[in-house]
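K.L.:
Input: one structure, supplied below.
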Amino acid sequence: MENIIGTWIAALLTLCIFSFLYRDNPFFRFAEALFAGVSLGYYVGQTADQTIKPNLVIPLMEDFVGNLDLIFAALIGLNLYTRYVPKVAWMARLSLAIYVGYYTGVNMVQKLHGEVLPQSGATMIDLVSTAGGQFDWGGFLNALVVFVGVLAVLVYFFFSLEHRGAVGKVSRLGVWYLMLGFGAAFGYTVMGRISLLIGRMNFLVNDWIGGLLRGYPS
Amino acid sequence: MESTGKRNGLVQSLRNFDRRWVFLLIGLGTILPIIYPIGFGVSTTPPVQQLYDKIESLTPDDVVMLSFDFGPTTVPENGPMASAILRHCFTRGIKVVVIALYPIGGRALAVQALNEVAPEFPHLRYGIDFVNLGYKDGAQALMKQMGEDIHGVFPTDANGDPLSQLPLMQRVHNYKDISLVVSLATGVIGEWWANLINSQFGVPVAVGCTAVSAPKYYAYLNTGQMIGLLGGLKGASEYERLLLDGHPSVSAPYNDPTRFNAMKGMDVQTIDHSIIILFIVVGNVAYFLSRRRAARV
């Protein structure tokens, strides 16, 4: 029974959202607000049940003295809420400072070690390579496209020189590279959005109407 | 003179075309192939083949960590990936540790995927062949911490049972005990597996991402920070094709007409993309004709 009710609620809310394709209306706004509210509530409940309870409450209940470090972490988190009390709102900044410090440290290493160095390295490739003793024309063209593209796009984003003459021409080539990149991204975006439509339509056709015709699975 | 007038009328009507007709056509182009599947072929690409080959190279002693880093909004893309990868691992007897780092629905979708796939392999036992550790908040921080101690991050599994009671987790303590991480990601979490965890801990990483974010993942694939990539529904359909060709014994759920899979979804993609391309061509023709007319006036 719950399955039938759940399927019908989901189907009607899906139709509410789709109704925006015709024009804005109260059904769409209701479903939109409901989705935002349910998502937030779900997030809070999920974090309480799956993170705060097993990683903080239960360890403290089982071995309070052995897990005293958790009290420190919990206080840092709770301290964020002092921002709602004007007289002590400044205290929240202490917790924020710790979080910002931690994530800045993590991100600096991550960006340098995980992005800047490997991505830079990947552009420094041999233009001349061989495959099976033969000159690798495919590899050469690939390397050339990467090499020229990186330089051209970097020139496009180099604003200390006026984009005229040779610099302007290379910059123009950079724009072409960017446009090709945006085109690929847009094509993928269309595919992604159509996939979401397929998911919803499949639900309406097979789960909702199909369930109505065949009988809903228990 | 008359033909010029007709052309001007056509251009004008195209410029004033109500876009709701486009929505209707796309809707029909989506519903009809769902009801009457066409069965267009699926060709495979190297990034998908590489992930498939990696899992083929693993043995039943190996452990794959499958991270559900997506929510209900991208289930049509990431869901089929999860089912196919779970089926691939289970049919080869590879151990699977499931986690969820995406807050809105990651855990529920992990449970749903396991409930769908695990019963197809009745000989596999929870706790020995696979575990579901559930969801934890704070993705980036805990991903790093798992490099030292997974048990510290996940003291219990999704059911609340201590990890010490799960035989599989008695031999899995950090990334050194993991042969492959597969992140099914809707956002940036997949990137963190590549640029944080692979870079710092060296564990092989593959990502099944949404189509929207696929282009940026190719950069990590080219640097070797990822060993494979499933990009959107197309990537999922390729993996399903490889799985069915390599392991026909898992074909039953893919032959069920009432169940969605990525290969069926690609039928719809083909039809809808054709409609979109047609409208792009018509729209551009109308634009250039109207510009020429304006130049004449």
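In the order they appear, the protein sequences are chains A and B.
Under my numbering, the first residue of the first sequence carries the number 1, and numbering increases by one thereafter.
Under my numbering, the first residue of the second sequence carries the number 1001, and numbering increases by one thereafter.
Where is the CB? At the ideal position from N, CA and C, for every residue including glycine.
This structure is a prediction, so every number in the text was calculated from the model and none was measured.
Output, in chain order, the set of chain A residues within a Cβ distance shorter than 7 Å of B:Gly1134.
P.N.:
Along the second sequence, one-based indexing puts residue 1134 of chain B at 134. The answer, in chain order, is Gln50.
K.L.:
Any C-beta of chain B sitting closer than 9 Å to the C-beta of A:His163?
P.N.:
Here the question's residue 163 of chain A lines up with position 163 in the first sequence. By this cut-off, A:His163 is not an interface position.
K.L.:
What ranges does the alpha helix (DSSP H) occupy inside the stretch 1208 to 1282 of chain B, keeping only unbroken runs of at least 4 residues that lie completely in it?
P.N.:
1214 to 1223, 1232 to 1246 and 1252 to 1255
K.L.:
I want to know whether the stretch 38 to 52 of chain A touches the stretch 1095 to 1105 of chain B - three or more CB-CB distances under 8 Å.
P.N.:
yes
K.L.:
Of all the CB atoms in chain B, is at least one closer than 9 Å to the CB of A:Ser39?
P.N.:
Along the first sequence, read from residue 1 onward, the residue named residue 39 of chain A stands at position 39. Interface residue, yes.
K.L.:
Under 7 Å Cβ-Cβ, which residues of chain A neighbour B:Ala1118?
P.N.:
Sequence index remark: in the second sequence, residue 1118 of chain B carries index 118 (1-based). Result: empty, since nearest Cβ-Cβ is about 17 Å, beyond 7 Å.
K.L.:
When the cut-off is 9 Å and only beta carbons count, does A:Pro26 lie next to chain B?
P.N.:
Here residue 26 of chain A refers to the residue found at position 26 of the first sequence. Not one chain B Cβ lies under 9 Å of A:Pro26.
K.L.:
Identify the contact partners of A:Ile17 in chain B, using a Cβ-Cβ distance below 9 Å as the criterion.
P.N.:
Within the first sequence, residue 17 of chain A is the residue found at index 17, counting from 1. By Cβ distance, chain B contributes nothing, its closest Cβ being about 12 Å from A:Ile17, past 9 Å.
K.L.:
From B:Val1048 to B:Gly1041, what does the alpha carbon distance come to, in whole angstroms?
P.N.:
Numbered from 1 along the second sequence, position 48 holds the residue referred to as residue 1048 of chain B. Numbered from 1 along the second sequence, position 41 holds the residue referred to as residue 1041 of chain B. Taking the straight line joining both Cα atoms gives about 16 Å.
K.L.:
Could you pull out every unbroken alpha helix (DSSP H) segment of at least 4 residues lying fully inside the stretch 28 to 74 of chain A, listed in chain order?
P.N.:
58 to 62
K.L.:
Kindly list, in the order they appear in chain B, the residues whose Cβ is closer than 7 Å to that of A:Asn201.
P.N.:
What you label residue 201 of chain A is simply residue 201 of the first sequence in a count that begins at 1. Checking the sequence, you will find Met at residue 201 of chain A rather than Asn. Residues of chain B passing the Cβ test: Thr1030, Ile1031 and Ile1034.
K.L.:
What is the C-beta distance between B:Asp1267 and B:Gly1039, in whole angstroms, given that I count them as a contact (C-beta under 8 Å)?
P.N.:
In the second sequence, the residue the question calls residue 1267 of chain B occupies position 267. In the second sequence, the residue the question calls residue 1039 of chain B occupies position 39. About 7 Å separates the CB atoms of B:Asp1267 and B:Gly1039; that is less than 8 Å, so the two are in contact.
K.L.:
Measuring CB atoms only, is the stretch 1079 to 1098 of chain B touching the stretch 1047 to 1067 of chain B, in the sense that at least three cross pairs come out at less than 8 Å?
P.N.:
yes
K.L.:
Quick one: which unbroken alpha helix (DSSP H) runs of 4-plus residues sit fully inside the stretch 108 to 183 of chain A? Chain order, please.
P.N.:
117 to 123 and 137 to 156
K.L.:
Say whether chain B places a C-beta atom closer than 9 Å to the C-beta of A:Thr47.
P.N.:
In the first sequence, the residue the question calls residue 47 of chain A occupies position 47. Residue-level contact by beta carbon holds for A:Thr47 and chain B, with a gap shorter than 9 Å.
K.L.:
Are the C-beta of A:Asn79 and some C-beta of chain B separated by less than 9 Å?
P.N.:
Here the question's residue 79 of chain A lines up with position 79 in the first sequence. Judged by the 9 Å Cβ criterion, A:Asn79 is not in contact with chain B.
K.L.:
Beta carbon of B:Pro1253, beta carbon of B:Pro1037: below 9 Å?
P.N.:
As a first step, residue 1253 of chain B is located in the second sequence; it is residue number 253 there, counting from the start. As a first step, residue 1037 of chain B is located in the second sequence; it is residue number 37 there, counting from the start. Contact flag unset, no.
K.L.:
Let's test the definition: count the other Cβ atoms within 10 Å of the Cβ of B:Glu1240 and tell me whether it reaches 16, buried, or not, exposed.
P.N.:
In the second sequence, counting from the first residue as 1, residue 1240 of chain B sits at position 240. By the neighbour-count criterion, in which 16 or more other beta carbons inside 10 Å mark a residue as buried, B:Glu1240 falls on the buried side.
K.L.:
In the DSSP assignment, the beta strand (DSSP E) including B:Asp1062 goes from what residue to what residue?
P.N.:
Within the second sequence, the letter at position 62 stands for residue 1062 of chain B. Membership of B:Asp1062 in any beta strand (DSSP E) is not indicated, and neither H nor E is assigned to it by DSSP.
K.L.:
Examine chain A for any beta-carbon lying closer than 9 Å to the beta-carbon of B:Lys1054, and answer yes or no.
P.N.:
As a working mapping, residue 1054 of chain B is identified with position 54 in the second sequence. False, the Cβ-Cβ gap to chain A never drops below 9 Å.
K.L.:
Just confirm the distance between the C-beta atoms of A:Thr51 and B:Lys1136, as a whole number of angstroms; I'd bet it's less than 8 Å.
P.N.:
Here residue 51 of chain A corresponds to residue number 51 of the first sequence, with the count starting at 1. Here residue 1136 of chain B corresponds to residue number 136 of the second sequence, with the count starting at 1. Their Cβ separation, rounded to whole angstroms, is 5 Å, which keeps A:Thr51 and B:Lys1136 in contact under 8 Å.
K.L.:
With 16 other CB atoms within 10 Å as the buried threshold, where does B:Ser1183 fall?
P.N.:
Here the question's residue 1183 of chain B lines up with position 183 in the second sequence. Counting C-beta atoms within 10 angstroms of its own C-beta, B:Ser1183 has 16 or more neighbours from the protein chains shown and is therefore classed as buried.
K.L.:
Quick one: give me the first and last residue of the alpha helix (DSSP H) that B:Ser1083 is part of.
P.N.:
To locate residue 1083 of chain B, count along the second sequence from 1; it is residue 83. Start and end: Val1075 to Thr1091.
K.L.:
Quick check: what's the CA-CA separation for A:Leu78 versus A:Gly215?
P.N.:
The residue given as residue 78 of chain A occupies position 78 in the first sequence. The residue given as residue 215 of chain A occupies position 215 in the first sequence. About 50 Å.
K.L.:
Looking at the structure shown, is B:Asp1161 part of a helix, part of a strand, or coil, going by DSSP?
P.N.:
The residue you call residue 1161 of chain B lines up with position 161 of the second sequence. Here B:Asp1161 sits in coil by DSSP.
K.L.:
Rounded to the nearest angstrom, how far is the Cβ of B:Ala1118 from that of B:Leu1243, given a contact under 8 Å?
P.N.:
One-based indexing of the second sequence puts residue 1118 of chain B at position 118. One-based indexing of the second sequence puts residue 1243 of chain B at position 243. Between B:Leu1243 and B:Ala1118 the Cβ distance is about 16 Å, and since that is not below 8 Å, they are no contact.
K.L.:
Would you verify that the beta carbon of B:Trp1192 is, or is not, closer than 9 Å to some beta carbon of chain A?
P.N.:
Numbered from its first residue, the second sequence carries residue 1192 of chain B at position 192. With respect to chain A, the C-beta atom of B:Trp1192 has a partner C-beta closer than 9 Å.
K.L.:
Mind checking the stretch 53 to 67 of chain A against chain B and listing, in chain order, the residues whose C-beta falls within less than 8 Å of any C-beta there?
P.N.:
Pro54, Asn55, Ile58 and Pro59
K.L.:
If we count the other Cβ atoms within 10 Å of its Cβ and call it buried at 16 or more, is B:Arg1292 buried or exposed?
P.N.:
Counting from 1 along the second sequence, the entry for residue 1292 of chain B is found at position 292. Looking at its Cβ environment, which holds fewer than 16 other Cβ atoms inside 10 Å, B:Arg1292 is exposed.
K.L.:
Is the distance from the Cβ of B:Asp1069 to the Cβ of B:Ile1094 below 9 Å?
P.N.:
For the purposes of this step, residue 1069 of chain B is identified with residue 69 of the second sequence, where counting begins at 1. For the purposes of this step, residue 1094 of chain B is identified with residue 94 of the second sequence, where counting begins at 1. Going by C-beta atoms, B:Asp1069 is not nearer than 9 Å to B:Ile1094.
K.L.:
At 8 Å on the CB atoms, spell out the chain A contacts of B:Lys1176, in chain order.
P.N.:
Working through the second sequence from its first residue, we reach residue 1176 of chain B at position 176. Under the 8 Å cutoff, chain A gives no residues; its nearest Cβ is about 19 Å from B:Lys1176.
K.L.:
Output, in chain order, the set of chain B residues within a Cβ distance shorter than 7 Å of A:Ala122.
P.N.:
Here residue 122 of chain A refers to the residue found at position 122 when the first sequence is read from its first residue. Near A:Ala122 (Cβ distances below 7 Å), the residues of chain B are Asn1222 and Thr1223.
K.L.:
Just the Cα atoms here: how many angstroms apart are B:Ile1031 and A:Asn206?
P.N.:
Translated into the one-based positions of the second sequence, residue 1031 of chain B becomes position 31. Translated into the one-based positions of the first sequence, residue 206 of chain A becomes position 206. Distance from the CA atom of B:Ile1031 to the CA atom of A:Asn206, rounded to whole angstroms, is 10 Å.
K.L.:
Quick check on B:Val1188: does DSSP put it in helix, strand or coil?
P.N.:
On the second sequence, position 188 is the one that residue 1188 of chain B refers to. Residue state, collapsed to three classes: coil.
K.L.:
Count the other CB atoms within 10 Å of the CB of A:Met191; is the residue buried (16 or more) or exposed (fewer)?
P.N.:
Locating residue 191 of chain A in the first sequence gives position 191, where the first residue counts as 1. That one is buried.
K.L.:
To the nearest whole angstrom, what separates the beta carbons of A:Tyr156 and A:Ser171, a pair I think is in contact under 8 Å?
P.N.:
In the first sequence, residue 156 of chain A corresponds to position 156, counting from 1. In the first sequence, residue 171 of chain A corresponds to position 171, counting from 1. That pair is a contact at about 5 Å.
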